[in-house]
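Visitor:
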Amino acid sequence: MKNHLTQFVNCEVLRDHKIIKEDLWIVEGGQGYDFSFPENTEEGVNVVSKSLLRQGVTSYCPTLVTSPKEIYHKVLPKIKKRRGDKNGATILGVHGISTLEEIYGSLDNVKIITLAPEFENSTEVIKALVERKIVVSLGHSTADLAVGEEAVKDGASLITHLFNAMLPFHHRDPGLVGLLASTYVSNLKRIYFGIISDGIHTHPAALRIAYRIHPKGLILVTDAISATGLEEGQHKIGQMAVEIIDSKAYVAGTNTLCGSTTSMIECVKLFISATGCPPEYALEAASLHPAKALGIENEKGTLHFGADADFVFLTSSFDVASTWIAGDCVYECRA
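Numbering of the sequence shown is given in the UniProt record's numbering, commencing with residue 1 and proceeding in unit increments.
Structure follows, in structure tokens:
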């Protein structure tokens, strides 16, 4: 696309929270792998990055599940930030779980870390990570609301998959869920939260509650795991055995949900159906909102002049027609 000007005509373009009819100008513009296995990390990243293109994904943060510290030291250097192209989506940085540098080793490739704020020294850890411009997300936690509010004061700005892997909402202490309506937090900054809209992890009523309470902070996430795109049966996620039954992922031999196998565009469709929200809102919840949470909204998640030419063409039924990165078509549906 170098030194070229490309015009797409008669488009319905998502811009400024609305879908408008105008032309789009471009100027120069899961899959059986788990990133926590050092033996095939690079191969796994390449396969997953390419598979995401047909789902309309232009950028993502590969996620590591909790693993022995030697795994982090081997894996993290292999998952480098890189620009997307026809061979795969852009890698913005890794989403890790553990929080101590001696566990991780180098944090150069890390963009997000999820931690439980109730643990000792979390204040120091959060402040140190934020100083490194790493987004701190709260999750996999039994923290009450007061602890969550202190974590936000320290610099945490995101909640990992709301309602899941945290204390359930209680009217006397709403836990991390209460951060969505906390006046203490709203006086500091906006809190963002991921929510799994796969029709399994989160009841439609819970989706509606989150949407109505704090729509500006809502981010659609898939919680997709390495078994995404594979046949039913047992697979591995990190050090854990998981089992796919009726398209649902469980810890093997239990009824405990363990990640999802749903694509992002399916999450968008399910969210629109569950909440009745405008389509443009659901699309921004999968693009602009996560970009804002990462502080990259001037480059990603928008079609404003000067932003990266990363976008997706959708059919009227919200199926992916083509995916574009840096102004180049990297995937086109041939069906």
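Where is the CB? At the ideal position from N, CA and C, for every residue including glycine. Keep in mind that this is a model prediction, so the values were computed, not measured.
Beta-carbon within less than 6 Å of residue 248's beta-carbon, same chain only, minus the 5 sequence neighbours each way: which residues are those?
Guide: 200
Visitor: Express the C-alpha separation of residue 109 and residue 77 in angstroms, rounding to a whole number.
Guide: 7 Å
Visitor: Starting from residue 250, follow its DSSP beta bridges and name the residues at the other end.
Guide: 243, 257
Visitor: Which partner residues does residue 90 have in the DSSP bridge list?
Guide: 59
Visitor: Sort out for me which residues DSSP pairs residue 219 with in a bridge.
Guide: Partner(s): 194.
Visitor: Leaving aside the five residues before and after residue 50 along the sequence, list all residues of the same chain whose C-beta is less than 7 Å from its C-beta, in chain order.
Guide: 87, 88
Visitor: Taking all protein chains shown into account, decide if residue 234 is buried (16 or more other Cβ within 10 angstroms of its Cβ) or exposed.
Guide: Residue 234 comes out exposed.
Visitor: Let me confirm a value: residue 119 is counted as buried when at least 16 other C-beta atoms fall within 10 Å, else exposed. Which label applies?
Guide: exposed
Visitor: Among the residues of its own chain, which have a CB less than 6 Å from the CB of residue 29, if the five just before and after it don't count?
Guide: With a pLDDT of 36 at residue 29, under the threshold of 50, the predicted position of this residue should be treated as unreliable, and no value is reported.
Visitor: What residues match up with residue 320 in a beta bridge as DSSP calls it?
Guide: Residue pairing for residue 320: DSSP places it in a beta bridge opposite 314.
Visitor: How far does the alpha helix (DSSP H) with residue 265 in it extend, from its first residue to its last?
Guide: 264-275
Visitor: What residues match up with residue 132 in a beta bridge as DSSP calls it?
Guide: Answer is none; residue 132 lacks a bridge partner.
Visitor: Could you pull out every residue in the same chain whose Cβ sits closer than 8 Å to the Cβ of residue 333, ignoring the five residues on either side in sequence?
Guide: Cβ neighbours of residue 333 beyond the five flanking positions: 54, 319, 320, 321, 322.
Visitor: Can you look up residue 328 in the DSSP assignment and give me helix, strand or coil?
Guide: Of the three classes helix, strand and coil, the one that applies to residue 328 here is strand, per DSSP.
Visitor: Buried or exposed: which applies to residue 42, given that a residue is buried once 16 or more other Cβ atoms fall within 10 Å of its Cβ?
Guide: exposed
Visitor: Within the segment 141-181, note down every full alpha helix (DSSP H) run reaching 4 residues or more, in order along the chain.
Guide: 145-154
Visitor: At the level of alpha carbons, what is the spacing between residue 99 and residue 153?
Guide: The predicted model places residue 99 with a pLDDT of 45, which falls under 50 and marks its position as unreliable, so this point remains unresolved.
Visitor: Assign residue 289 to one of three DSSP states: helix, strand, or coil.
Guide: helix
Visitor: Could you spell out where the alpha helix (DSSP H) holding residue 71 opens and where it closes?
Guide: 69-75
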